[in-house]
Each structure stands twice: as C-alpha cells, then as structure tokens.
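Colleague: Heads up, the sequence shown is in the UniProt record's numbering, so the first residue is 1 and it goes up one at a time. Glycine included, each C-beta is placed from N, C-alpha and C at the ideal position.
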Amino acid sequence: MDIPAISDNEETRIASLRALNILDTPCEERFDRITRFASQLFDVPIALLSLVERETLCFKSSIGPNICDTSRAVSLCGHAILGSGIMIVPDARIDARFEDNPLVLGDPYIRFYAGCPLFAKDGSAIGTLCLIDQRPRILSAIDLDVFHDLALLAEREILQAEPNILDEKSNTCNRKGFLLLAEKGLNLCARRDIPASLVFIELENVNDAGVDLGDEESDRILLQFSESLKIDLEHSALVARIGVDQFVVLLIGVSTVGAELAVTKFKAAIESLHIRENWQHRLPFNYGVAEFKASKHSTVDKLVTDADIAMYDNKKQKRYAARKELI
C-alpha cells in the first residue's frame, strides 16, 4: 500500500486549512446539498467532502458511510490533493497503490474512486470532493466536466464566510443554489440522454389557512415539509425553496409519468406526517410537472417556468371542479 506523500507546501497548506475555521465543526446542509446531489447524479453510494489535516481526514459532508474522520495514511484523498486535477481510480483492486489498502480489502470496500482537489485562496489543496463506489466504474469526459463544476461550487462555498446556496428556514437550497446545481445536473442529463423532470410546488392559501410563515410553530411545520420533500418524494435529487410558499424539486431519471406518481405518493406521506406530528394547520399544495427537454429548456429558468405554468393550470382545474361541485 502506498502511503500518500507529503506536499512540498505542507505547512502553508495546513495553515490555510485551519484559517478557514471549519475543522471539527458539525456537518452543514449547504455542503450536504452538493454531496447528496453528486451521489444521485453519478449514481454512487458514497460522496464525501473531505478536509485533509496533517494526519487525519475530516469529512465536512458524508453521504453514505457514517464516519467523521479517517487516517490520512490509508486515504485515497491524501493522494488526490497532490495533483491539480481529478484523480480517477477505476478499480482499486488492480491498482498497485491501493490493492492492499484496508479501505479496499474491508469496509467500505472501495472499488471506484474519483477525487477532485479543493483549493484555498492561496492555491493550497485543502481537501477533495470525491465519489466512491463498491463496483468498478469509469467516468466519461462529460462526467468529469460536470464533476469538476460541482467541486468548484463546493470550493466556493467553503471559502464563503456565510452560506451562499442555502435557505436556512427550510434547510434546502435557495433559488441561487438551485439554479447553479440544477444547471450542472441538467447539462449531464442532456449529454447522456437521461430523463429528468421538475416539480413546482406552491403551498395553498397559506395566509387564509391561518399559517403565518414567520411564527415558531409554522416555521417548524415548514421545515418538516421541506425535509419530507427530500426524503419522501421519490427520485428527488435537488430540493429548493424559491419563494415564501414555493418549492421546486428536480427529479433525475424520471419522466412526467414517474414524477406524477412520485407526487401522489408524497401527498400520502405528507398526510401521515400531519397526523403523526399533530400539525395545527394542514399544508395543502398545488403542483405542476415539466419534463426536461434539452431542445426547449436552454436554461433552468425556462424549465421552472413551464412547471409553474403546469401548476397554475392544475390550480385552475381544481378550482373549477370545486365550483362545479357546489352547483
């Protein structure tokens, strides 16, 4: 097993990393947004945002394994930070550097690894965004371009003093973060001919129902609704709050029919959540679905607009049906 070499600028690198004041701090949703999206977009069970300390790796975000740190000596990320580009290991079992590595021979049984270095402002490599699979893999040039773009977003977020892509009230992406991430995802879908759909959700009659999205109880309900979107809406790769009462959800690998079915199941999950959590107010919602077409949706905003129009049409039909029942 090859132990990662120590970089020539190790002391400067460590100083730059520690100056960011993000070591030994809790995981943050703004980073989990990126790793979770990367995991689903590239269909890998493990995605990590690692920070390489002197002897250990600290995971600022970890999708997959329930670990907080590991030894730098056995890490693949320790090797990845020595280069300037993405390090690819298609099958670690037949790579002389890693074939007898304990992380290859044992849990998590690494086979495929892709790690893109993340850099501080002075150019020091401080960590990686990495993808790990338990089966051999290769990434195309298109995949690598999108993965590099996601790493740049993660790097930019690390260097921000305040969260830049997170809506803190709902713990989802804000509109800016959604547009940035969705653009990368849809670019990959277009190039690889992967279906994708967008669900536009508008909470119904929020103020009329007595729900003030500023009081403590309603904020709790809003947060639970948002978490349910991430967990219970099948195929949801990216969730964002783009207005006071508006959400969008990007579904990867799903056509309109699949998206409609996913929303139907989600409605049942929300009703169960309402009963289980004893919400004071229900949160009925209207929704619309738009299927991504590369020839039509040259920007993410255009896809959002089409889903918004579909939502508005559904709302009109719902109101018409309600009036008809009263006659």
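Quick check on the burial criterion: 16 or more other C-beta atoms within 10 angstroms. Buried or exposed for arginine 276?
Modeller: Locating residue 276 in the sequence shown gives position 276, where the first residue counts as 1. Exposed, by the Cβ-count rule.
Colleague: Using DSSP's beta-bridge definition, name the partner residues of tyrosine 287.
Modeller: Your numbering for residue 287 matches position 287 in the sequence shown. Answer by DSSP bridge pairing, in chain order: Ile201.
Colleague: I'd like the list of long-range same chain contacts for valine 104, defined as Cβ closer than 8 Å, with 5 residues on each side in sequence excluded.
Modeller: As a first step, residue 104 is located in the sequence shown; it is residue number 104 there, counting from the start. Here the set comprises Ala92, Arg93, Phe98, Ile110, Arg111.
Colleague: What are the residues that DSSP puts in a beta bridge with glycine 123?
Modeller: On the sequence shown, residue 123 is found 123 positions in, with the first residue counted as 1. According to DSSP, which records beta bridges pairwise, glycine 123 is partnered with nothing at all.
Colleague: Would you call threonine 128 buried or exposed, if buried means 16 or more other Cβ atoms sit within 10 Å of its Cβ?
Modeller: Working through the sequence shown from its first residue, we reach residue 128 at position 128. Buried, by the Cβ-count rule.
Colleague: CA-CA distance, cysteine 27 and lysine 316?
Modeller: Position 27 of the sequence shown, counting from 1, holds the residue named residue 27. Position 316 of the sequence shown, counting from 1, holds the residue named residue 316. C-alpha separation (whole angstroms): 42 Å.
Colleague: Measure the C-alpha to C-alpha separation of serine 61 and arginine 33 and round it to an integer number of angstroms.
Modeller: Here residue 61 refers to the residue found at position 61 when the sequence shown is read from its first residue. Here residue 33 refers to the residue found at position 33 when the sequence shown is read from its first residue. Each residue's Cα considered, the two are about 9 Å apart.
Colleague: Quick check on the DSSP output: what are the complete beta strand (DSSP E) runs of length 3 or more inside the stretch 256-286, in order along the chain?
Modeller: Counting whole runs of 3 or more residues, the stretch 256-286 contains no beta strand (DSSP E) stretch at all.
Colleague: Please list, in chain order, all residues of the same chain as isoleucine 81 whose beta carbon is under 6 Å from its beta carbon, the five residues on each side excluded.
Modeller: Indexing the sequence shown from 1 puts residue 81 at position 81. So the qualifying residues of the chain are Val52, Pro117, Ala125.
Colleague: Could you tell me which whole beta strand (DSSP E) segments of length 3 or greater appear in the stretch 75-135?
Modeller: Those beta strand (DSSP E) runs which fall completely within the stretch 75-135 and span 3+ residues are 87-89, 112-119, 125-133.
Colleague: How about the stretch 277-292 and the stretch 151-166: do they share at least three Cβ pairs that are nearer than 8 Å?
Modeller: Verdict: no, contact absent.
Colleague: Starting from glutamine 243, follow its DSSP beta bridges and name the residues at the other end.
Modeller: By 1-based counting over the sequence shown, the position of residue 243 is 243. Note on residue identity: the sequence assigns glycine, not glutamine, to residue 243. For glycine 243, which the question treats as bridged, DSSP gives the partners Gln246.
Colleague: Mapping DSSP to helix, strand and coil, what is threonine 70?
Modeller: Stepping through the sequence shown from its first residue, residue 70 is reached at position 70. Note: threonine 70 maps to strand in three-state DSSP.
Colleague: Smallest Cα separation from phenylalanine 292: which of Arg192, Arg319, Cys77?
Modeller: Position 292 of the sequence shown, counted from the start, is the residue given in the question as residue 292. Among Arg192, Arg319, Cys77, the Cα nearest to that of phenylalanine 292 belongs to Arg192.
Colleague: Can you round the beta-carbon distance between proline 108 and glutamine 134 to whole angstroms, since I take them to be within the 8 Å contact cut?
Modeller: Taking the sequence shown and counting its residues from 1, one reaches residue 108 at position 108. Taking the sequence shown and counting its residues from 1, one reaches residue 134 at position 134. Contact holds; Cβ gap of about 7 Å.
Colleague: Would you decide whether glycine 106 is buried or exposed? Buried here means 16 or more other CB atoms lie within 10 Å of its CB.
Modeller: In the sequence shown, residue 106 corresponds to position 106, counting from 1. So glycine 106 ends up on the exposed side.
Colleague: Below 8 Å CB to CB, which residues in the same chain sit around phenylalanine 266 once its five sequence neighbours on both sides are set aside?
Modeller: For the purposes of this step, residue 266 is taken as residue 266 along the sequence shown, with counting starting at 1. Excluding sequence neighbours, phenylalanine 266 sits near Ser228, Leu229, Asp232, Leu233, Glu234.
Colleague: Exposed or buried, glutamine 40, counting other C-beta atoms within 10 Å across all chains shown (16 or more means buried)?
Modeller: Stepping through the sequence shown from its first residue, residue 40 is reached at position 40. The residue in question, glutamine 40, is buried, as its Cβ has 16 or more Cβ neighbours within 10 Å.
Colleague: Can you give the Cα-Cα distance for aspartate 313 and alanine 262, rounded to whole angstroms?
Modeller: Position 313 of the sequence shown, counting from 1, holds the residue named residue 313. Position 262 of the sequence shown, counting from 1, holds the residue named residue 262. If I take the Cα positions, the gap works out to 19 Å.
Colleague: If you follow the beta strand (DSSP E) that serine 62 is in, where does it begin and where does it stop?
Modeller: Sequence index remark: in the sequence shown, residue 62 carries index 62 (1-based). Note, serine 62: beta strand (DSSP E), 56-63.
Colleague: Between glutamate 202 and aspartate 245, is the Cβ-Cβ spacing less than 8 Å?
Modeller: For the purposes of this step, residue 202 is taken as residue 202 along the sequence shown, with counting starting at 1. For the purposes of this step, residue 245 is taken as residue 245 along the sequence shown, with counting starting at 1. Taking 8 Å as the Cβ cut-off, glutamate 202 and aspartate 245 qualify as a contacting pair.
Colleague: Measure the beta-carbon distance from phenylalanine 37 to leucine 223 and round it to whole angstroms, keeping in mind my assumption that it falls under 8 Å.
Modeller: Counting from one through the sequence shown, the residue named residue 37 turns up at place 37. Counting from one through the sequence shown, the residue named residue 223 turns up at place 223. No, phenylalanine 37 and leucine 223 are not in contact; Cβ-Cβ is about 20 Å, not under 8 Å.
Colleague: Note down the Cα distance separating leucine 159 from proline 284, rounded to an integer number of angstroms.
Modeller: Here residue 159 is taken as the residue at index 159 of the sequence shown, counted from 1. Here residue 284 is taken as the residue at index 284 of the sequence shown, counted from 1. Computed Cα separation, rounded: 39 Å.
Colleague: Go ahead and pull the three-state DSSP assignment for aspartate 167.
Modeller: One-based indexing of the sequence shown puts residue 167 at position 167. It is a strand residue.
Colleague: Quick one: Cα of arginine 18 to Cα of glutamate 29, how far?
Modeller: In the sequence shown, the residue the question calls residue 18 occupies position 18. In the sequence shown, the residue the question calls residue 29 occupies position 29. So the two alpha carbons sit approximately 21 Å from each other.
Colleague: Using only CA atoms, which one of Asp43, Leu23, Leu48 lies nearest to threonine 35?
Modeller: Position 35 of the sequence shown, counted from the start, is the residue given in the question as residue 35. Threonine 35 has its Cα closest to that of Leu48, out of Asp43, Leu23, Leu48.
Colleague: Out of Ile270, Leu179, Lys296, which one is the CA nearest neighbour of leucine 250?
Modeller: Residue 250 sits at position 250 when you count from the first residue of the sequence shown. Residue Leu179 is the option with its Cα nearest to leucine 250.
Colleague: Kindly indicate which residue of Phe247, Arg13, Gly253, Thr299 has the alpha-carbon position closest to the one of lysine 121.
Modeller: The sequence position of residue 121 within the sequence shown is 121, counting from 1. Checked all of Phe247, Arg13, Gly253, Thr299; the closest Cα to lysine 121 is Arg13.
Colleague: What's the C-alpha gap between alanine 268 and lysine 184?
Modeller: Indexing the sequence shown from 1 puts residue 268 at position 268. Indexing the sequence shown from 1 puts residue 184 at position 184. Each residue's Cα considered, the two are about 31 Å apart.
Colleague: Should methionine 1 be listed as close to the ligand GDP, given that the test is whether its C-beta is under 7 Å from any heavy atom?
Modeller: Among the ligands in the structure shown, none appear at all, so the ligand GDP cannot be discussed.
Colleague: Which residue or residues does DSSP assign as beta-bridge partners of leucine 251?
Modeller: In the sequence shown, counting from the first residue as 1, residue 251 sits at position 251. Ser197, Ser236.
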